[in-house]
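Remarks on the structure that follows.
In this note's numbering, the protein residues as written are 1 to 372.
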């Protein structure tokens, strides 16, 4: 293999390029990205960047000495496995012996709401928040909660709306999801749950958010934190298996021998992960698969979130029916270490402001095989 094209120039695409060089690939690497910017770190976008604690320069990711042929500001429109090429929206095509698909995902939107996926999104939202507006955030997942925390720290009046009865009940379960959601009320943010949004009102600008129960929430700024859709539409007709993302095994292999997928756009062994740690770690596994080497075993799922000065950490994978045991602290005080158990074995751990205990328990969870 002499030439590899990586489609997607965010963290997972850059991590794939790094992995190629570390795994002794000396050929040509072409990195294709829709944004005109070089790769940057996304987690601070909803936190320190919004509050002004870091700048655009602080977000830059090191990409020196990799010998990359950058193709930025262009979008992939078609994958042609037979011709071994990727077609771009500027009319050109890139021929390669192997392809790494790392196109990520696009934020779900509705109406004239803001989203937070790219640096441009963050710049626009940061400018809005400087006016200390009334902010309504739709979706109480991790991005929505982090934006709420940042907006509140800037002096904004903030309301969070969540269609589920308990925010974060999916990944954390209802008990610990409720504990994390309690941070909003602790810091003067109004949280409304169990009611979906009907729509936005206003002529020249957004004036209010209308809920399905008739409630009208005045709003100067509305932020949609309702998840993301894998950016895989361009793969239609390629013969690649796509179902909620690019279908791969745990090691990034697709149904096409010279194509692997990684990051937010991939459904690896039935699971799609949108977390920073997965985008950082999994590309090395996918690259080893592409090069015909021995892939390192997939790492245990891990993510973190910073909200209202509280560090939330989670490792492992929770499933319905798992029991939760409080090992340390008190969920009501947002200072807790909780272990999820299945058949008497620890399968996941959650820490709120318990970094040392979390690290210790994470090792125990890591020793237990996780189901795909």
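Idealized CB from N, CA, C, for every residue including glycine.
| Asked | Found |
| --- | --- |
| Under the three-state DSSP convention, the category residue 29 falls into | strand |
| Residue 202 versus residue 194: straight-line alpha-carbon distance, rounded | 24 Å |
| Spatial neighbours of residue 148 in its chain, beta-carbon cut-off 7 Å, leaving aside the 5 residues before and after | 137, 158, 160, 184 and 189 |
| Rounded separation between residue 51 and residue 85 - CA only | 42 Å |
| Neighbourhood of residue 221 by C-beta distance below 6 Å, restricted to the same chain and skipping five residues each side | 128, 133 and 135 |
| As assigned by DSSP and simplified to three states, the class of residue 261 | strand |
| Backbone secondary structure at residue 273 - three-state DSSP | coil |
| Chain-order list of residues whose beta-carbon lies under 6 Å from that of residue 301 (same chain, five-residue window excluded) | 317 |
| Segments assigned beta strand (DSSP E), at least 3 residues, entirely inside the stretch 333-368 | 335-342 and 345-352 |
| C-alpha gap between residue 172 and residue 57, whole angstroms | 34 Å |
| Buried or exposed by the 16-neighbour rule on C-beta atoms within 10 Å, applied to residue 131 | exposed |
| Inside the stretch 206-238 only - beta strand (DSSP E) runs reaching at least 3 residues | 208-211, 216-218, 221-224 and 228-230 |
| Complete beta strand (DSSP E) runs within the stretch 141-170 (minimum length 3 residues, chain order) | 157-162 |
| Proximity below 9 Å, CB of residue 164 to CB of residue 49 | no |
| Status (buried if at least 16 other CB within 10 Å, exposed otherwise) for residue 323 | exposed |
| Beta-carbon spacing of residue 252, residue 283 below 9 Å | yes |
| Reduced DSSP secondary structure (H/G/I, E/B, other) of residue 127 | helix |
| Buried versus exposed, by CB contacts within 10 Å (16 or more), residue 7 | buried |
| Supposed close pair residue 60, residue 87 - CB separation, criterion 8 Å | About 29 Å separates the two Cβ atoms, so there is no contact after all. |
| Cβ separation of residue 30 and residue 89, assumed to be a contact under 8 Å, to the nearest whole Å | Residue 30 to residue 89, Cβ: 16 Å. No contact. |
| Buried versus exposed call for residue 2 [16 or more other C-beta atoms within 10 Å across all chains shown] | exposed |
| Per DSSP, the bridge partner or partners of residue 199 | 210 |
| Straight-line Cα distance separating residue 315 from residue 305 | 12 Å |
| Close-in-space but distant-in-sequence residues of the same chain around residue 100 (CB under 6 Å, 5 per side omitted) | 6, 16 and 260 |
| Close Cβ partners of residue 196 (< 6 Å) along its chain, the five nearest in sequence each way excluded | 163 and 212 |
| Length of the line joining the Cα atoms of residue 126 and residue 114 | 11 Å |
| CB contact check: residue 170 to chain B, cutoff 9 Å | Structure shown: chain B not included; a single protein chain is present. |
| Enclosing beta strand (DSSP E) for residue 88 [first to last residue] | 85-88 |
| Of the listed residues 91, 266 and 335, nearest to residue 240 (C-alpha basis) | 266 |
| Same chain only: Cβ atoms within 6 Å of residue 33, ignoring 5 sequence neighbours per side | 9 and 72 |
| Simplified DSSP assignment, three categories, for residue 12 | helix |
| Where the alpha helix (DSSP H) containing residue 48 begins and where it ends | 48-51 |
| The stretch 340-360 in contact with the stretch 323-332 per 3-pair CB rule at 8 Å | yes |
| Buried versus exposed, by CB contacts within 10 Å (16 or more), residue 95 | exposed |
| Residue nearest to residue 24 in terms of C-alpha spacing, selected from 271, 291 and 41 | 291 |
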